[in-house]
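Protein chains in written order, with this note's numbering: chain A, 7 to 310; chain B, 386 to 998.
The C-beta atom is built at its ideal place from N, Cα and C for all residues, glycine as well.
Please read these numbers as outputs of a predicted model, since none were measured by experiment.
The structure appears below as structure tokens.
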Amino acid sequence: MSELKIYNFMGLRRIALVFSTVLLLVSAASLFGQGLVLGLDFSGGTQIEVGYEKPVDVAELRQHLKNEGFDDPVVVHFGSETDVLIRMQGQPDQGLADRLYSVLKISDEEIDLRRVDFVGPQIGEELRDKGGLGMLIALAVVMLYVAIRFQFKFSVGAVLALVHDVVITLGVFSITRLEFDLTVLAAVLAVVGYSLNDTIVVSDRIRENFRKIRKASPVEVINESLSQTLWRTINTSMTTMLVLLALFLFGGELIHNFAIALMIGVGIGTYSSIYVAATVMLAMNVDREDLIEPEEGELVDDLP
Amino acid sequence: MPNKFPLWKNLMILAVVVFAFIYAAPNLYPPDPALQLSGQSSAMQIDQAVLKKVEQALGEAQIEYFAGEADGETALIRLTDSDLQMRAKEVVQAEMGGEYIVALNLAPTTPQWLSDLGGSPMKLGLDLSGGVHFLLEVDLNAALTTRLEGDLQEVKSSLREEKIRYRSFELKGQQIIGRFRNEQQIEQATSLIRANFRDLQPQNKQGQNPLTLVLQLSDIATSQIEDNAIKQNLTSLRNRVNELGVSEPLVSRQGKNRIVVELPGVQDTAEAKRIIGKTANLEFRLEAEGRIGEVFEFRDGRSLDARLETSPVITGENVTDARASYDENGRPQVNITLDTKGGWQMGHSTRDNVGRKLGVLFIEYKTKLEKSLGSNGDMQITPVPFVEKHIISLATVQSQLGKSFRITGLDSQRESSELALLLRAGALAAPMYIVEERTIGPSLGADNIRLGVQSVTIGMAMVLLFMLVVYRGFGVLANVALTMNLLLLVGFMSLLGATLTLPGIAGIVLTVGMAVDANVLIFSRIREELAGGASVQGAISAGYDRAFVSIFDANITTLIVAVILFLIGSGPVQGFAVTLSIGILTSMFTSIVLTRGLVNAIVGGRKIDKLWI
């Protein structure tokens, strides 16, 4: 096996900084400007999914519903030509789904009621609050853990990398107007977990190398660490991307957006674990001095 | 570095592997579609005779079944085809009538030896099994108001009894406000209330009119009333849901004032909503003297019919509590508590009627299925709503009754607890309304399972292939670990009774992708050590040791995120958090301990020059 090639990752850190800044600004602008398209879980309302035997013309169905006195129903195909999703937003009301179904039933062919969701406005609001709160708690706990296990500068790097990934993933959802529902929130939190996993492995190597290599500048140490972990980073991202692709292609409509959010997150997370965390550490002048704590030493492997 | 495990470690690994196989195995046996038959009252015997009647009805309707069993309390009939389940239910219900509850069920086919070991298949969430989910909010303020209204009447009447005069007494929001003419009156009233109404607390605010008495429920009383309201609603809901004939319904409290109802397999939401929101009621009526009155049957059908007066003394709304207990002689009885109004009316009516009998009438609003011939000659089954009134108790009035009294002379403890249950089920303590409703049709549930299995299989196959290509020999080991990880994950979820949801399946897929990370880390390390000139055995040992720290830190942080996700999420999302957390733990075992065991067994202690990695 040949000698490990050391890539000069940090030489590109200014370009990466510009790249990340632009992505973050665009994401933030879109999030503040037009926000997210909130799914039923968060917005409240009623939706009903039905399966017809033959392909359905949604425009015709929409007109039919309007004629029946439903205000502004959203009617879209869901997954296939025969599946239709009808949503009534902004007027959450319990009997609505039953009335909708009875109107749809009048059409001469058999229809299959696939699902009905009714979410009251207070539930949606609570979920929004809980989701945001959960995200903040996750970031805070992670920052604390990394600060204890590693060092403060590492934890700032790790958390900024996470914020970077989350904001950009949300930004992509905002820009592409993909629907943000509870499963997507779960995916974003999973992105936090994944990206963290990556960042920690890299940080771990940086810590080890700072202790091992005595005559090298921080930039050199970081470059060597990133090069050493590069294959691991790429291979793990590859396997994760493969399974996400399987979910995206074969998992069905309900977890489509879940898979998309994770794919974006894993992609961005791979990049951020190389560039964002390390760049932040360098910007905070991370040095050997930060990590010389002999009593911390190595964690003794008591497992085989 | 000999790289050899002591015997106990190898045995431990073996034990875990065996564990995984055993507890994952029940998932290989798909359950049979089945019908479950039980009686409306626990006194009913469901025996071979009943079973025979059911089997005959199914035979006539040409619905294929292959096994039936009855154990005295329930009967289970296994059908060959799940499409026939609905029709079979209608046929059996129409044949057996309203005293029987017919439920759609899935009968486990887990072999006896596996279930003896505690093995059972994973539970499926509603998004996979199909069914209805309701989230109901209990209006606790209404429960408090009802209580305060009662208290207001009591306070007024006891003031009148004590000849304490007041200008006015009224309920304003959650406060009782009394106005008096002079200081002496207000002082007398305050001390009376302090002595007799512990739950009402006189409020003293600055700037309050000195001739105004403001009463509020104490915090303890408030939380007690709220708690009781939720509990009573839960009890009533459980009784009602049982009537729906759902095999494994879930009715449980969520948070301070919400109740979750999950009904797997139910498709008719309108019917479910009607039953959940329906009001069973009670009426206490005196036995009729002479020929005027109505004749009712007993609910259990054991006693003779009785004739009751046409108008009730009180109704179920006045019953605040009913509990089964024992009298001085150890015989079962039911203690009943009424509200003030009910107690007063009861006292008034029973004063002159000691020695007469008092009956309790249970009124249910039900639906029955009627068979009829349709216009084109085929049989149609239509639901017809009807009201059923049965006597559940008829007892002699021994003395004048008041706010609390008891019904004695019951035969068994079973009878007393059932009577208490029926008395309590009469009315909801506080109104409820639906704040969330999700219905998943059976076709969507089946689709979700199919898609989930498909994506796990394909994702898994791709990862296995990838690892084989990139890490060759060691890739085989990682793949063994990955497969074992999936088995362990399924085994643990089955054993813990965790519920599998669609996002849960996504969590499994994600775990599959991320689980190889630990092995990738270890193998990369070993490659590095080899490149750095270490011996084969030394490289293996160092590779595992050094990678451990990274793996541990990385997994703990992911676990933290998964736990937070579990805490904030609901239903399906919690399913995701559960599979992710269990997956992290099992993957740490398989990728670190299991692969090391395999590596040690294969190359440990030997002289090898080159590793196929």
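Contact test: residue i Cβ vs the ligand NAD heavy atom, cutoff 8 Å
i	result
G898(B)	The model on display carries no ligand, and the ligand NAD is accordingly not part of it.
Beta carbon of residue i nearer than 9 Å to that of residue j
i	j	result
L436(B)	L489(B)	no
Q730(B)	I792(B)	no
L509(B)	H518(B)	no
R643(B)	V122(A)	no
L556(B)	E534(B)	yes
V64(A)	V43(A)	no
I993(B)	Y929(B)	no
L596(B)	I819(B)	no
A167(A)	A267(A)	no
S26(A)	H262(A)	no
L46(A)	V125(A)	yes
S840(B)	I890(B)	yes
D584(B)	S603(B)	yes
G140(A)	A947(B)	no
M869(B)	T975(B)	yes
L232(A)	A164(A)	no
F1012(B)	L746(B)	Summary: the structure shown does not reach residue 1012(B), with chain B confined to residues 386 through 998, and so no result is reported for it.
S514(B)	I893(B)	no
Chain B contact for residue i (CB, 9 Å cutoff)
i	result
I219(A)	no
R253(A)	This sequence places Leu at residue 253(A); Arg is not what is there. Yes, L253(A) counts as interfacial toward chain B.
L110(A)	no
L42(A)	no
I92(A)	no
V282(A)	no
D293(A)	no
N249(A)	A small fix is needed here, since residue 249(A) is Val in this sequence, not Asn. Yes, its Cβ sits closer than 9 Å to a Cβ of chain B.
V82(A)	no
V152(A)	yes
D77(A)	no
R155(A)	yes
Cutoff 9 Å: residue i Cβ touching any chain A Cβ
i	result
F961(B)	yes
L874(B)	no
S797(B)	no
I843(B)	yes
M852(B)	yes
A939(B)	yes
Simplified DSSP assignment, three categories, for residue i
i	result
N567(B)	coil
K541(B)	helix
P418(B)	strand
P493(B)	coil
R220(A)	coil
L312(A)	Here chain A has residues from 7 to 310 only, and residue 312(A) is not among them.
V841(B)	helix
Y13(A)	coil
D171(A)	helix
I941(B)	helix
Y818(B)	strand
S789(B)	strand
I398(B)	helix
Q | Within 8 Å of chain B by C-beta, residues of the region 159-192 of chain A in sequence order | A | For the region 159-192 of chain A, which is checked against every Cβ of chain B, the residues closer than 8 Å are L188, T189, L191, A192.
Q) Which ranges does the alpha helix (DSSP H) cover as unbroken runs of at least 4 residues, wholly within the region 575-659 of chain B, from first to last along the chain? A) 604-629
Q | Residues of the region 222-247 of chain A with Cβ closer than 8 Å to any Cβ of chain B, in chain order | A | Q234, T235, W237, R238, N241, T242, M244, T245, T246, M247
Q.
For the region 517-548 of chain B, list every residue whose C-beta sits within 9 Å of some C-beta in chain A, in sequence order.
A. V517, L520, E522
Q: Would you list, in chain order, the members of the region 820-837 of chain B that have their beta-carbon closer than 8 Å to a beta-carbon of chain A?
A: Taking 8 Å as the Cβ-Cβ cut-off against chain A, the residues of the region 820-837 of chain B that qualify are V820, E821, E822, R823, T824, I825, G826, S828, L829, D832, N833, L836, G837.
Q | Where the region 115-128 of chain A meets chain B: residues whose CB sits under 7 Å from a CB there | A | D118, L119, R120, R121, V122, D123, F124, V125, G126, Q128
Q. Just by C-beta distance, which residues in the region 125-149 of chain A are closer than 8 Å to chain B?
A. V125, G126, Q128, I129, L133, K136, G137, L139, G140, I143, A144, V147, V148
Q) Of all the residues that make up the region 885-906 of chain B, which are near chain A by a beta-carbon distance shorter than 7 Å? A) L887, P888, A891, V894, L895, V897, G898, M899, V901, D902, V905, L906
Q: Run through the region 866-932 of chain B for me and flag every whole alpha helix (DSSP H) of 4 or more residues, listed as ranges in chain order.
A: Runs found: 887-916.
Q) What are the start and end residues of each continuous beta strand (DSSP E) run of 3 or more residues lying completely inside the region 681-736 of chain B, in chain order? A) Entirely contained in the region 681-736 of chain B, the beta strand (DSSP E) runs reaching 3 residues are, in chain order, 691-693, 704-711, 717-723.
Q: Could I get the ranges of all uninterrupted beta strand (DSSP E) runs contained in the region 29-93 of chain A, with 3 residues as the minimum, in chain order?
A: 51-58, 80-84
(Q) Under 8 Å, CB to CB, which of the residues in the region 44-64 of chain A have a partner in chain B? (A) E55, G57
Q: Quick one: which residues of the region 909-920 of chain B get their C-beta closer than 8 Å to a C-beta of chain A? List them in chain order.
A: S909, R912, E913, L915, A916
(Q) Can you pull out the residues from the region 696-721 of chain B whose beta carbon lies closer than 7 Å to at least one beta carbon of chain A? (A) none
Q. What residues in the region 948-982 of chain B have a beta carbon less than 8 Å from any beta carbon of chain A?
A. If the cut-off is 8 Å between Cβ atoms, the region 948-982 of chain B has I949, L950, L952, I953, G954, S955, P957, V958, F961, A962, L965, I977, V978, R981, G982 near chain A.
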